[in-house]
Every structure is written in structure tokens, then in C-alpha cells.
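There are 2 protein chains.
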Amino acid sequence: MARRGALKANLLVAAQRAMAEHGTSVRLNQIASEAGVTAGAVLYHYPNMQELLFEANQSGMARFHDQRLEALAGISDPAARLIQTIRTGVPEGPEDPDVRLLCALGGEAARNNLYALLLTSLFDRQVSMYQGILEMGVASGAFVLRQDTITIARNLVALEDAYGYRMMAKHPTLGYDSAVELIVEYARLATGHPLPLEK
Amino acid sequence: MARRGALKANLLVAAQRAMAEHGTSVRLNQIASEAGVTAGAVLYHYPNMQELLFEANQSGMARFHDQRLEALAGISDPAARLIQTIRTGVPEGPEDPDVRLLCALGGEAARNNLYALLLTSLFDRQVSMYQGILEMGVASGAFVLRQDTITIARNLVALEDAYGYRMMAKHPTLGYDSAVELIVEYARLATGHPLPLEK
DNA sequence: AAATTTCCTGAATTGTGATTTAAGAACTCC
DNA sequence: GGAGTTCTTAAATCACAATTCAGGAAATTT
Chain R
72 MARRGALKAN
82 LLVAAQRAMA
92 EHGTSVRLNQ
102 IASEAGVTAG
112 AVLYHYPNMQ
122 ELLFEANQSG
132 MARFHDQRLE
142 ALAGISDPAA
152 RLIQTIRTGV
162 PEGPEDPDVR
172 LLCALGGEAA
182 RNNLYALLLT
192 SLFDRQVSMY
202 QGILEMGVAS
212 GAFVLRQDTI
222 TIARNLVALE
232 DAYGYRMMAK
242 HPTLGYDSAV
252 ELIVEYARLA
262 TGHPLPLEK
Chain D
72 MARRGALKAN
82 LLVAAQRAMA
92 EHGTSVRLNQ
102 IASEAGVTAG
112 AVLYHYPNMQ
122 ELLFEANQSG
132 MARFHDQRLE
142 ALAGISDPAA
152 RLIQTIRTGV
162 PEGPEDPDVR
172 LLCALGGEAA
182 RNNLYALLLT
192 SLFDRQVSMY
202 QGILEMGVAS
212 GAFVLRQDTI
222 TIARNLVALE
232 DAYGYRMMAK
242 HPTLGYDSAV
252 ELIVEYARLA
262 TGHPLPLEK
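So the protein sequences, as listed, match chains R and D. With my numbering applied, the first sequence corresponds to residues 72 to 270, in that order. With my numbering applied, the second sequence corresponds to residues 72 to 270, in that order.
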């Protein structure tokens, strides 16, 4: 046995992985197997599975958002920050586990108010993140906005989301680079900044 | 009993409704009850449920797309066509059955290639629809595009999709009107046309 | 290292849902 | 309106998954 309480922490990431693979109809046994234990062990820590799934999704979203914030850490130029944020908002490929999790939840939110709340809150936080970057760019004179920051920010997040879904569905001509380019093209129009992509 | 073969046709819409309500994990009994028959009757026409679900989704998407095309029937002005198309691309509310169906499928597409294909094909058809409108507007001189038609069209469809998900999740400040306005704002920027919304 | 607590397993239980089947009802055709 | 076909039901079957539980293993405490 590992240290006390070790499994309980692992269960969150195990549940995330299992749900990314099997969707919202993930089985208890699939989570258990992902964690390398039996179903009973899972139930010992989370007597009802719903709570585990909820916490797993909550923590998965928090990690997704935190990672995006971290990726901005060393960048001060507003244009570079904007590009970087767009880059981290698009899944790397159809297997990206974080986005898979989010997409799996999207449909569920229509009939589960808890998940709806989680997704809504994530959306709003991401909008705020973009708004901050846009305002910083305006203040520094780098951006000349053609629309409200709330409009631009919402549309940017919306584009990320939608292209995430397209990539999960393995669209043949919409890979990571095209999706980033499409979103950046909108950002260029809205900010009046050339936002160079060459990396 | 109704006319021969009547149930089989009804099953498609019954399955659509049941799936819009219960998601991809919809039960055979829920479909049967929606159709007003027992599970056995459903299985008589569709020996395996998967095929029924697939056909139901296929026909649901086709209807969604066809309805949008029909809504354009009497409109010849490119700007009016563009606005009208955006209007029919956003769900009327969180209960809109067509969009619920589409959203339910979104997460499933990550692990079901058939559904992935359906959604990809719908996306592409909608992109083509927008491209047609944009080109018409360019030809008539109404639009002065700031981006490729493919870029604008893809972003418009992406925005529709994403705001559809937000509305399904009952975002508190993103209703039908706001979503349309957000998308139209992008369209204005991209087409150089004021696209007046007052109706 | 013994005692205690925490943790985990494997089998049994219970519930749910898809699928099969036999029988009967409803429709069509003549 | 009767024969034959198509359709539908209700009960039985089968499979699977969540949950419970008694027993034992592993960590922690003393």
C-alpha cells in the first residue's frame, strides 16, 4: 500500500482519464481499472460515483485554466500574450485529454445543472482572461480595438471551444495550426495588430 | 394500428426527441415511450438500437440544415441573407431540440467515428452555405471582405456552434439576442457591411 | 511488535436495460 | 370476410454494472 490517502488523490486524475476516454457514461470499473484498483476501493473513498465525477471534472477544468495562466507567466508583450493564449486554447490533437473532457461535458450540461455551472464558470473565467490581455494591449497602445473587449473576448473563447470540438471529431482539414490561424485572423481584425505567428 | 410502416417513420423523430432529452445514453425504453409503443416494437423495426440512433441523428442534422436553407428562400439581398442565416444558426433557447441533439453528439464524436463524420459533414455544409452568401455579397458589391471567404465562413459556423453550447448550458447573460449580436459583430467586421439588426 | 486504524479485495446482492420469443392483434389483399 | 402477412405486446432471458459487505492486508500508533 502507498501512503495513506494516496489513492483518493489519484482517483481524481484516474476519473479524468477514464472520462476523457469513455465519455460521460464512463463505468465505475473503468475508473477503478485506470487507477489500478477494484471498484470497491473507489467506492470506499467516494461512496457515490457522481460526486467523484463532479470533483474530477471540476479539478480538470481548474487545471486546464491554470495551465493557460501559467503559460503566460514570462510574457509581457500584449500581442505575444494574446497569441500564446490562443495557442493554449486549442487542443494539440484529437487525443488531447483536457479538451476531450470538456467536450464530453458539453452535451451533458444541457441536462445537468452542476455541469452547466462548471462550464459556464470556465467560459466566463476565460473571457476575463482575454479581456485582461486586450485591455493591457489598449493601454500600451499595441491594440486598437474595433469592438468591445467583452465582444472580442467572448468571440475568442467561443472560437476556441468550437474548433476544439471540430478537432475532437477529427476534421480532415482543421488541425492545430489551421485552428490557431483561424482564431488569430479574427484577433487581428478585432485588435488591429498584425499578430505575427512565425515561431 | 395506423398505416403500415407508420411506426418506422415515427421512430426517427421519437429517437431524436428522446436523445435530445436524455443525451447519448438514451434508453431503448425512453425511445419506445416517446413513440408510444413498447421496446419490442422498436426492436422489430431496428433490431439493433445503434442503427436507429445513427439514422435518427443523420436525419435530425439533415432537417436542421434544410430548415436553414428554406429560411433563405425568399431573401435575395446578401446582407439580409447573412443575417437570416446567423439567426437560424443560434438555438432559440436552452430547450431547442435540434441544437440539443447536436450538442449531445459533440462529445460522442471524439470516440465514435460515425458521429464524427456526421458532424464534420454538417460543419462543412454550413461553411459552404456561408461561403455562397459571402461570394454573392462580394459579387453584388455589398460586402468588402477583410478575410478569405473560407476563413469568415468557418469562423461564423464555429461561433454559432460555440454559442449553441453556451445556451444549452443556460449561460445567464448569453441569450438568443446576445449570441446573434456577437456573431453579427464579427460578420460586420469581416464583411465591412453594417448588417443592421433592427427587426 | 502489538494494537489500532485505515484501506482494499472478492464474492454476493440488487437493479437495470437490451434482446428474444411465443402469442395475439391489426392490417392488406383477394 | 377470410387467408395471409405484418406488426405489437408481455413475459422471460441474458448481460452488465453499481453497491454492499465480511474478511484480510497494509499502514500508523503506542
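Idealized CB from N, CA, C, for every residue including glycine.
For residue i and residue j, what's the separation of their Cα atoms in angstroms?
i	j	result
Leu-82/D	Met-200/D	30 Å
His-196/R	Asn-226/R	Checking the sequence shown, residue 196/R turns out to be Arg, not His. Cα to Cα, the separation comes out at about 14 Å.
Arg-139/R	Gly-160/R	8 Å
Leu-78/R	Ala-106/R	8 Å
Glu-166/D	Met-239/D	7 Å
Asn-184/D	Ala-89/R	19 Å
Val-198/R	Ser-104/R	37 Å
Leu-245/R	Val-108/R	39 Å
Asp-137/R	Leu-99/R	28 Å
Glu-141/R	Pro-168/D	39 Å
Ala-224/R	Ile-146/D	32 Å
His-93/D	Pro-243/D	23 Å
Leu-189/D	Val-251/D	25 Å
Val-97/D	Pro-162/R	28 Å
Val-215/D	Val-209/D	6 Å
Gln-121/D	Leu-114/D	11 Å
Considering only residues of the same chain and omitting the five flanking positions on each side of residue i, which have a CB-CB separation below 7 Å?
i	result
Glu-179/R	Thr-95, Tyr-186
Glu-126/D	Leu-83
Leu-143/R	Arg-152, Gln-155, Thr-156
Ala-112/R	Leu-78, Ala-103
Ala-49/R	Residue 49/R is absent from the model: chain R starts at 72 and stops at 270.
By Cβ distance, which residues of its chain are closer than 6 Å to residue i, with the 5 residues on each side in sequence left out?
i	result
Tyr-236/R	Cys-174
Which of the three DSSP states, helix, strand or coil, is assigned to residue i?
i	result
Arg-259/R	helix
Phe-214/D	coil
Ile-146/D	coil
Ala-151/R	helix
Asn-100/R	helix
Lys-241/D	coil
Tyr-234/D	helix
Ala-83/R	It should be pointed out that residue 83/R corresponds to Leu in this sequence rather than to Ala. If DSSP states are grouped into helix, strand and coil, Leu-83/R belongs with the helices.
Pro-168/D	helix
Asn-183/D	coil
Asn-119/R	coil
Glu-141/R	helix
Ile-246/R	It is worth fixing the name first, because residue 246/R is Gly in this sequence and not Ile. In this structure, Gly-246/R counts as coil in the three-state DSSP scheme.
Asp-219/R	coil
Excluding sequence positions up to five away, which residues of its chain have a Cβ less than 8 Å from the Cβ of residue i?
i	result
Ser-211/D	Pro-149
Leu-193/D	Met-132, Phe-135, His-136, Leu-173
Leu-268/D	Ile-154, Val-251, Glu-252, Val-255
Leu-230/D	Leu-253, Ile-254, Tyr-257
Val-228/R	Gly-160, Phe-194, Gln-197, Val-198, Tyr-201
Q. Is the segment 202-220 of chain R touching the segment 253-264 of chain R, taking contact as three or more C-beta pairs under 8 Å?
A. With a cut-off of 8 Å on Cβ pairs, the segment 202-220 of chain R is in contact with the segment 253-264 of chain R, counting three or more such pairs.
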